[in-house]
Amino acid sequence: MSADLVRWIALGGTIQSVGHDPLDAERYFLTGQTLSPEELLAPVAEYAGPVDVQAWASRPSHLLGWDEVRDLVTHLRAIADHPAPPAGIVVSCGSNGLEEIAYLLWLLYPGPVPVVVTAAMRPPSAIGSDALPNLLDSFAVARDGSAPSPVTVVSDGTVLHPAEAFKAHTTGVDTFSRSAPPMGIIEAHRRVRITGRATPTSPLARRELPSTLPRVSLLESHLDSDGSSVRALAALSEGLVIAGMGAGFVTGAEQQALDEAREAGVVICRAARTPFGPVAPVDGDALRANGLTPQKARIGLSLGLALSLARPELEELLDSTTRD
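Letter by letter, the sequence shown follows residues 209 to 532 of this note's numbering.
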């Protein structure tokens, strides 16, 4: 096997979509047309280096579930454990689910073969598409192998940490690059320059993958909430993440409902609606999602409960990375 070989696992999404015309950057998903990974790569194949292509669960990322992601993690682990693994792995998917898929991969994949997750905001059929630039950048980062994390996100010329990157704009090609400080950049001629600090390894990276995940619900606090949403979701859930106002504050009625849920055995995690900054320690009995978006906190708490983590381990998991 070539020392420069990259395994590309293509999950579909905008990066493989075909629009109505070269100006279609918003309604392309209505055509139902897609490119195979080989068709997408063909125009730049001579610049991509050795790539082994594998189509995988090709459908919109927001339709993927735990079963598909678990199978993907199992597959990635098998590739990394092969006696002759590739230099790196690239996973392309839809941008809607990228932040949660990439975070799950970071939580559960230990390396050592680097994994890069990427997507596109404009289909390859559109003028100004970021599909091929992001794909070629991802190949370069996967092949380079110098990123200080076993899983990274590559988009808009930047290398990002999966626990920090999130979709910050519905259509902009800088949707991920604007969301978090870069760990590195991809310069001219696909030269990779890592600038970020060393990051902690996920505490779950080598754990056995659970077959199912317990239900952890997510809701957002809002002015004058009467707590009824908390009660309704708590009755169905083993865990509950509430995205509070500001630094995680909730209404008085919501706090009462949260206290009732906790007494009933529901694990509570406080998060913030705001994308940056810590969660205030206003409720000493609740876990806090420091540095994680509410969506990622829900994933972390669900995995933690599935693996029967003790409270100190859950606290470490939900505070494993922070953003200023």
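Glycine is no exception: its CB is placed at the ideal position from the N, C-alpha and C atoms.
Exercise. Measure the alpha-carbon distance for residue 224 versus residue 475 and round it to whole angstroms.
Key: What you label residue 224 is simply residue 16 of the sequence shown in a count that begins at 1. What you label residue 475 is simply residue 267 of the sequence shown in a count that begins at 1. Residue 224 and residue 475: Cα-Cα distance of roughly 40 Å.
Quiz prompt | Run of the beta strand (DSSP E) containing residue 400, from where it starts to where it stops | solution = For the purposes of this step, residue 400 is identified with residue 192 of the sequence shown, where counting begins at 1. Counting along the chain, the beta strand (DSSP E) containing residue 400 begins and ends at 399-402.
Quiz prompt | Proximity below 7 Å, CB of residue 435 to CB of residue 461 | solution = The residue you call residue 435 lines up with position 227 of the sequence shown. The residue you call residue 461 lines up with position 253 of the sequence shown. Yes, Cβ-Cβ distance for residue 435 and residue 461 is below 7 Å.
Quiz prompt | Runs of beta strand (DSSP E) wholly within the region 394-462 (minimum 3 residues, chain order) | solution = 399-402, 424-428 and 447-452
Exercise. Mind the definition here: the region 302-311 touches the region 334-350 only if three or more C-beta pairs lie below 8 Å; say whether that holds.
Key: no
Quiz item: Buried or exposed: which applies to residue 302, given that a residue is buried once 16 or more other Cβ atoms fall within 10 Å of its Cβ?
Solution: Mapped onto the sequence shown, residue 302 falls at position 94. Residue 302 is buried by the Cβ-count criterion.
Quiz prompt | DSSP beta-bridge partners of residue 225 | solution = Numbered from its first residue, the sequence shown carries residue 225 at position 17. DSSP, once it has assigned bridges, lists 242 as partnering residue 225.
Quiz item: Distance, Cα to Cα, residue 261 vs residue 492?
Solution: Against the sequence shown, residue 261 aligns to sequence position 53. Against the sequence shown, residue 492 aligns to sequence position 284. Using only the alpha carbons, I get a separation of about 49 Å.
Quiz item: If you compare alpha carbons, which of 430, 340 and 387 is closest to residue 254?
Solution: Here residue 254 refers to the residue found at position 46 of the sequence shown. Its Cα nearest to that of residue 254, the residue 340 stands out among 430, 340 and 387.
Quiz item: By a C-beta neighbour count over all protein chains shown, 10 Å radius and 16 as the cutoff for buried, is residue 405 buried or exposed?
Solution: For the purposes of this step, residue 405 is taken as residue 197 along the sequence shown, with counting starting at 1. It is exposed - the Cβ of residue 405 has fewer than 16 other Cβ atoms within 10 Å.
Exercise. Identify, in the order they occur along the chain, each residue of the same chain with its Cβ nearer than 6 Å to the Cβ of residue 418, setting aside the five sequence neighbours on each side.
Key: Within the sequence shown, the letter at position 210 stands for residue 418. Around residue 418: 514.
Exercise. Check whether the Cβ atoms of residue 424 and residue 510 lie closer than 7 Å to each other.
Key: Translated into the one-based positions of the sequence shown, residue 424 becomes position 216. Translated into the one-based positions of the sequence shown, residue 510 becomes position 302. Between residue 424 and residue 510, the C-beta spacing is below 7 Å.
Practice problem: For residue 355, I'd like the list of residues in its chain whose CB is within less than 7 Å of its CB, leaving aside the five on either flank, ordered along the chain. | Solution: Indexing the sequence shown from 1 puts residue 355 at position 147. Excluding sequence neighbours, residue 355 sits near 322, 349, 367, 391, 392 and 402.
Practice problem: Please say whether residue 479 and residue 502 have beta carbons closer to each other than 7 Å? | Solution: One-based indexing of the sequence shown puts residue 502 at position 294. One-based indexing of the sequence shown puts residue 479 at position 271. Yes, these two residues count as a Cβ contact at 7 Å.
Quiz prompt | Coil, strand or helix - residue 260 by DSSP | solution = Here residue 260 refers to the residue found at position 52 when the sequence shown is read from its first residue. It is a strand residue.
Quiz item: By how many angstroms is the C-alpha of residue 285 removed from the C-alpha of residue 415?
Solution: Here residue 415 corresponds to residue number 207 of the sequence shown, with the count starting at 1. Here residue 285 corresponds to residue number 77 of the sequence shown, with the count starting at 1. Going by the C-alpha atoms only, they are around 12 Å apart.
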